[in-house]
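I have placed the structure first, in the form of structure tokens, so that the comments after it can refer back to it.
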Amino acid sequence: MSAKTLSTLSVCPSESNDDLEQRILDLSAELYRRKKLATPAFEAGKSPIPYAGRVYDEQEVRAAVKASLDFWLTLGPEGEAFEKELARFLGVRSALLVNSGSSANLVAFSALTSSKLERPVRTGDEVITVAAGFPTTINPIIQNGCVPVFVDVNLQTANIDVSRLEDALSSKTRAVMIAHTLGNPFDLDSVTQFCRQNELYLVEDNCDALGSRYKGRLTGTFGDFGTSSFYPPHHITMGEGGAIYTNSPKLKTIAESFRDWGRDCWCASGKDNTCGKRFAWDWEQEAKAAGGCGDCGTLPKGYDHKYVYSQIGYNLKPTDIQAAIGRVQLRKLPSFIEARVRNWGRLRSLLADLEDDWQFQEPTPGSEPSWFGFLMTMRTADHARLCSLCKHLDAAKVSHRRLFGGNLLWQPAYRNIKHRVVGKLKNTEALGAGGLFLGVYPDLSEEMLQYVATAMRHAWRAA
Ligand SMILES: Cc1ncc(COP(=O)(O)O)c(C=O)c1O
Numbered sequence: 077m078s079a080k081t082l083s084t085l086s087v088c089p090s091e092s093n094d095d096l097e098q099r100i101l102d103l104s105a106e107l108y109r110r111k112k113l114a115t116p117a118f119e120a121g122k123s124p125i126p127y128a129g130r131v132y133d134e135q136e137v138r139a140a141v142k143a144s145l146d147f148w149l150t151l152g153p154e155g156e157a158f159e160k161e162l163a164r165f166l167g168v169r170s171a172l173l174v175n176s177g178s179s180a181n182l183v184a185f186s187a188l189t190s191s192k193l194e195r196p197v198r199t200g201d202e203v204i205t206v207a208a209g210f211p212t213t214i215n216p217i218i219q220n221g222c223v224p225v226f227v228d229v230n231l232q233t234a235n236i237d238v239s240r241l242e243d244a245l246s247s248k249t250r251a252v253m254i255a256h257t258l259g260n261p262f263d264l265d266s267v268t269q270f271c272r273q274n275e276l277y278l279v280e281d282n283c284d285a286l287g288s289r290y291k292g293r294l295t296g297t298f299g300d301f302g303t304s305s306f307y308p309p310h311h312i313t314m315g316e317g318g319a320i321y322t323n324s325p326k327l328k329t330i331a332e333s334f335r336d337w338g339r340d341c342w343c344a345s346g347k348d349n350t351c352g353k354r355f356a357w358d359w360e361q362e363a364k365a366a367g368g369c370g371d372c373g374t375l376p377k378g379y380d381h382k383y384v385y386s387q388i389g390y391n392l393k394p395t396d397i398q399a400a401i402g403r404v405q406l407r408k409l410p411s412f413i414e415a416r417v418r419n420w421g422r423l424r425s426l427l428a429d430l431e432d433d434w435q436f437q438e439p440t441p442g443s444e445p446s447w448f449g450f451l452m453t454m455r456t457a458d459h460a461r462l463c464s465l466c467k468h469l470d471a472a473k474v475s476h477r478r479l480f481g482g483n484l485l486w487q488p489a490y491r492n493i494k495h496r497v498v499g500k501l502k503n504t505e506a507l508g509a510g511g512l513f514l515g516v517y518p519d520l521s522e523e524m525l526q527y528v529a530t531a532m533r534h535a536w537r538a539a
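FYI, in my numbering the residues of the sequence shown are 77 to 539.
Dropping the structure here:
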């Protein structure tokens with residue numbers, strides 16, 4: 077760029093690149109502050125109250141701009157640092173960053189089907205799950221040709237009814253894949269014991285529960301895999317994003333391969349020859365050890381390891397810019413968890429007078445939920461009245477959500493799936509027809525929470 081062009085941008089030609097970058101970052105932060113100051117103050121009844129949203133400040137803006145200026149773009153140093161920091165927070169051996177919570181679930185389940193495992197999950201195998209929740213908790217089961225087996229939930233906790241687990245078991249059962257509903261840990265003692273006794277894999281969909289604890293230990297760290305979502309309503313955000321975590325080095329390597337095109341090579345972005353024998357692998361030997369090479373031969377000895385594929389994989393990586401934002405958010409996670417717990421508690425007491433008519437979600441015994449939302453279910457499900465109530469809430473500008481897909485088996489996409497239902501899904505149906513949740517995210521003020529509770533009470537009476 078010429079000195080002339082620089083001067084029209086008010087840049088002194090002698091200013092160093094480092095100083096210029098610092099100034100760009102300072103200006104970005106200043107722009108954030110100005111916009112923030114210009115945000116109108118909350119006015120009850122006039123300002124919308126979202127159920128969730130991005131909670132960020134100039135630090136995330138700086139991190140995003142800095143990563144953009146570094147222009148690594150694809151998953152790189154920020155991603156590597158995020159993975160280490162998340163693993164440290166969780167107390168697990170490794171975490172992998174992906175581009176969404178749905179991708180995290182897909183990678184986690186797909187990894188369990190790998191022929192590199194002694195006992196992989198195979199087509200037609202059964203996986204125990206629930207129908208009250210988010211579709212992409214169960215989609216990977218179907219996408220991998222397996223059969224979801226639906227067990228009812230408990231209405232108090234909105235989690236799997238563990239008393240039905242034994243009934244769900246068959247000779248084909250190979251895994252359990254369920255979420256900690258809206259941050260409430262499922263009964264991990266019962267589920268992990270059931271999995272251990274029956275040699276089943278466990279995937280904990282921890283997308284709505286980052287920071288929740290069961291008997292003091294963080295959820296997502298009990299199973300073979302835990303997964304997170306970093307979509308804006310979640311406990312931390314990077315826009316789009318997710319993570320998979322595990323204590324098993326083998327599962328980590330397989331999951332990484334599924335995330336990264338199915339490749340066998342584990343070099344980080346921008347690196348080559350991490351294995352030290354990039355052009356020396358003997359693929360004929362490998363094929364023999366694996367029990368044969370199929371009809372078409374095998375890769376010749378020394379074929380570039382960078383382009384060897386040992387899984388039918390995907391590319392589900394996010395960018396380094398997302399990771400940079402996530403690193404700042406991760407540092408704030410403890411305060412976000414605290415705020416969510418506090419806000420949930422406030423709604424619990426502000427709405428106490430509705431308890432005769434509504435079942436509030438209750439923490440699973442022994443747990444400390446890091447809540448995603450405040451779930452309440454009509455004691456007598458009446459969907460027409462629920463719809464009317466939702467309209468009143470909307471008119472009062474209080475946003476709310478259903479328990480995602482309600483009963484997923486009611487959804488058009490699942491009409492013809494191969495599945496099994498264990499007994500009746502009575503509580504799942506009650507949640508589908510009579511459940512909704514309100515927000516507890518950290519940006520809700522006391523004034524907003526009070527307004528939400530008042531609006532909820534009015535809406536219930538008017539519905
Ligand atoms: C329990 C659960 N699992 C998975 C997901 C999917 O996450 P993402 O939106 O990042 O794909 C969500 C999304 O909110 C969720 O609530």
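Built from N, CA and C at the ideal position, the CB exists for glycine as well.
Candidates the options: closest to residue i by CA position
i	options	result
Leu286	Val279, Gly296, Leu278, Gly292	Gly296
Leu479	Asn503, Lys467, Arg491, Asp336	Asn503
Met452	Val168, Ala509, Val223, Ser443	Ala509
Leu113	Cys88, Asn93, Glu134	Glu134
Glu106	Cys88, Glu91, Glu136	Glu136
Leu392	Cys372, Ser179, Cys341	Ser179
Gly302	Val516, Val168, Phe147	Val168
His468	Ala538, Gly221, Leu145	Ala538
Straight-line Cα distance separating residue j from residue i
i	j	result
Leu85	Ile100	12 Å
Asp429	Arg477	21 Å
Ser345	Ala140	19 Å
His534	Met454	15 Å
Ser78	Asn419	Confidence at Ser78 is low in this model, with a pLDDT of 49, below 50, so its placement is unreliable and no value can be given for it.
Ala400	Pro309	18 Å
Lys347	Leu188	27 Å
Thr350	Asp380	12 Å
Tyr383	Ala163	28 Å
Leu423	Gln526	8 Å
Leu172	Thr329	10 Å
Ser186	Gln273	23 Å
Pro89	Gln98	15 Å
Leu264	Val87	59 Å
Gln398	Met314	5 Å
Tyr390	Leu465	43 Å
Ile254	His311	19 Å
Cβ-based burial, residue i [other Cβ within 10 Å; buried from 16]
i	result
Glu159	buried
Ala472	buried
Ser190	buried
Cys463	exposed
Thr115	exposed
His459	exposed
Ser266	exposed
Ala234	buried
Pro376	exposed
Pro445	buried
Identified DSSP bridge partners for residue i
i	result
Val223	Glu202
Thr395	Thr150
Met253	Val279
Ala171	Tyr321
His476	Leu514
Tyr385	Arg339
Trp434	Met454
Ile236	Val229
Ala208	Asn483
Ile125	Val474
Gly497	The identity of residue 497 in the sequence shown is Val, whereas the question assumes Gly. According to DSSP, Val497 bridges with Phe226.
Distance CB(residue i)-CB(residue j) smaller than 8 Å
i	j	result
Arg335	Val174	yes
Ala128	Ala331	no
Leu258	Asp228	no
Gly177	Asp396	no
Asp540	Ser324	Beyond the ends of the chain as shown, which are 77 and 539, falls residue 540; an answer cannot be given.
Tyr385	Arg339	yes
Asn492	Ala207	no
Asn181	Thr213	yes
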